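J.: This is the structure I have questions about; it appears just below.
2 protein chains.
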Amino acid sequence: MGIKKLLTKNKVLLAYGISLALLLFLLRWLELRFIIFDHAFEIYIGAIAIIFTALGIWLALKLTKPKIERVVVEKEIYIEQAKAFVFNEAEMTRLGISKRELEVLQRMAEGLSNAEIAARLFVSLNTIKTHASNLFVKLDASRRTQAIEKAKTLSLIP
Amino acid sequence: MGIKKLLTKNKVLLAYGISLALLLFLLRWLELRFIIFDHAFEIYIGAIAIIFTALGIWLALKLTKPKIERVVVEKEIYIEQAKAFVFNEAEMTRLGISKRELEVLQRMAEGLSNAEIAARLFVSLNTIKTHASNLFVKLDASRRTQAIEKAKTLSLIP
DNA sequence: AAGAAAATCGTCCTAAAGTATGAGGGGAAG
DNA sequence: CTTCCCCTCATACTTTAGGACGATTTTCTT
Numbered sequence: 005m006g007i008k009k010l011l012t013k014n015k016v017l018l019a020y021g022i023s024l025a026l027l028l029f030l031l032r033w034l035e036l037r038f039i040i041f042d043h044a045f046e047i048y049i050g051a052i053a054i055i056f057t058a059l060g061i062w063l064a065l066k067l068t069k070p071k072i073e074r075v076v077v078e079k080e081i082y083i084e085q086a087k088a089f090v091f092n093e094a095e096m097t098r099l100g101i102s103k104r105e106l107e108v109l110q111r112m113a114e115g116l117s118n119a120e121i122a123a124r125l126f127v128s129l130n131t132i133k134t135h136a137s138n139l140f141v142k143l144d145a146s147r148r149t150q151a152i153e154k155a156k157t158l159s160l161i162p
Numbered sequence: 005m006g007i008k009k010l011l012t013k014n015k016v017l018l019a020y021g022i023s024l025a026l027l028l029f030l031l032r033w034l035e036l037r038f039i040i041f042d043h044a045f046e047i048y049i050g051a052i053a054i055i056f057t058a059l060g061i062w063l064a065l066k067l068t069k070p071k072i073e074r075v076v077v078e079k080e081i082y083i084e085q086a087k088a089f090v091f092n093e094a095e096m097t098r099l100g101i102s103k104r105e106l107e108v109l110q111r112m113a114e115g116l117s118n119a120e121i122a123a124r125l126f127v128s129l130n131t132i133k134t135h136a137s138n139l140f141v142k143l144d145a146s147r148r149t150q151a152i153e154k155a156k157t158l159s160l161i162p
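In order, the protein sequences belong to chains G and Z.
Take the first sequence: its position 30, counted from the start at 1, is 34 in our numbering, and no numbers get skipped.
Take the second sequence: its position 8, counted from the start at 1, is 12 in our numbering, and no numbers get skipped.
Below you can see the structure in the form of structure tokens.
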């Protein structure tokens, strides 16, 4: 960041420079009025003062860490959770539902028929029927759709 | 904003100008009063330089505005499972599902049998069967459980 | 090793679900 | 007014689901 830029940028510094110039003129006026000495001396001092003031400012700006005022803005982000399904194992234990029965239940909820479930689990249709019947008793349901509904509210299936 | 106003407003600048003037007078006074050494001029210059450098540094530190850094902190908020169900009417229109059919679909998802649905909607069992059949065609399902699954993923039912 | 629980499979039967087809009434749009 | 869609209902039939037994085999626990 150059001095020129600084001066044009900062009104305060500009005013400062102008005031210094005015001061020098004042001195000259005083000089003319009262004591007459070497004019060059005051001008030189003034120039030195300006230069080193600028140098001081430059030094300060360059060498010091920039003042940073940290403003923390809290931005609320609403995250729609992908419905993190947490399996309710306690409920499964309470109802006495076995692992195999749960598997059948899951497939039933997927919309598969008993025959399809039997094929996927490599067992006979009768076995699936038995599991289904046991499930209905344990879930207190009389239809598979009802069983699915109950199982979902109990977080046994997503 | 005029210079005059700036000067009267900013005490720092005023003090600075005055100090410069005083310094010059002091130097002149010293020059008049005492005998100047050979290197008096260099000493003056050095003193002026040091003083005004310090002044410049002080000025810079005092007058620079702190940079405001806006830190955006993202606060994650997880939506509770009160997750409002938004009915996908577009999908219903696309599939050509009628109001009555949707009603039947909803009851089916609740686990009701066709007979129960018929009783609740005050129509005959055959009517429900017809609606169900039409639904299966429109939803490309062959079972009610499958229809329910599809309808749920399409946000036709919660 | 014995017992309990779980998983498997079967049969018989009934109930419910699903398919196919036809048909009548009513409302909305052309 | 006529056409189209929706809702309604019916009949006849097929398929699937579900209930009620019993039975054998694994698997785990004690």
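We put the beta carbon where it would ideally sit given N, CA and C, even for glycine.
The structure displayed is predicted, hence computed values, not measured ones.
(1) Counting C-beta neighbours from all protein chains within 10 Å, is the total for THR115/Z 16 or more, i.e. buried, or is it exposed?
(2) Indicate whether the contact test is met: 3 or more Cβ pairs, each with one atom in the stretch 151 to 160 of chain G and one in the stretch 92 to 99 of chain G, closer than 8 Å.
(3) What distance in whole Å lies between the Cβ atoms of LEU109/G and LEU129/G, which are believed to be in contact at a cut-off of 8 Å?
(4) For GLU107/Z, which option in ALA136/Z, PHE89/Z and ALA88/Z has the closest C-alpha, if you only look at C-alpha atoms?
(5) The alpha helix (DSSP H) spanning GLU105/Z covers which residue range?
(6) So the alpha helix (DSSP H) SER137/Z belongs to, where does it begin and stop?
(7) Taking 8 Å as the CB-CB limit, is MET112/Z close to chain G?
(8) Taking the DSSP output, what are the residues bridged to ILE72/G?
(9) Since ILE81/G sits in a beta bridge, which residues does DSSP pair it with?
(10) Quick test of your reading: ILE101/G and ARG111/G, contact by CB under 8 Å. State the CB separation rounded to the nearest angstrom.
(11) Which residues in chain Z have a C-beta closer than 9 Å to the C-beta of ARG104/G? List them in chain order.
(12) Got a sec: is the Cβ-Cβ distance from ARG124/G to anything in chain Z below 8 Å?
(13) For a quick check, are the C-beta atoms of LYS154/Z and ALA145/Z less than 8 Å apart?
(14) Using a beta-carbon distance cut-off of less than 9 Å, what residues from the stretch 144 to 157 of chain Z approach chain G?
(15) Taking 8 Å as the threshold (beta carbon to beta carbon), is LYS13/G in contact with chain Z?
T.: With the structure as the only source:
(1) The displayed chain sequence assigns Gly, not Thr, to residue 115/Z. Classification for GLY115/Z: buried.
(2) Touching, per the Cβ criterion.
(3) At roughly 17 Å, the Cβ-Cβ gap does not stay under 8 Å, so LEU129/G and LEU109/G are not in contact.
(4) Between GLU107/Z and the set ALA136/Z, PHE89/Z and ALA88/Z, the nearest pair of CA atoms involves ALA136/Z.
(5) First-last of the alpha helix (DSSP H) with GLU105/Z: 103 to 113.
(6) Membership of SER137/Z in the alpha helix (DSSP H) is indicated by the continuous run 129 to 142.
(7) With its beta carbon less than 8 Å from one in chain G, MET112/Z belongs to the interface.
(8) Partner(s): LYS71/Z.
(9) BP columns for ILE81/G point to GLU80/Z.
(10) In fact, because the Cβ distance is near 14 Å, the residues do not count as touching under 8 Å.
(11) Here the premise fails: no neighbours, minimum Cβ distance about 19 Å.
(12) Taking a beta-carbon distance threshold of 8 Å, ARG124/G does not count as an interface residue toward chain Z.
(13) At the C-beta level, LYS154/Z and ALA145/Z come within 8 Å of one another.
(14) The residues in question are ALA145, SER146, ARG147, ARG148, THR149, GLN150, ALA151, ILE152, GLU153 and LYS154.
(15) Any reading at LYS13/G must be qualified, since the residue scores a pLDDT of 48, below 50, and its modelled position is unreliable; no value is offered.
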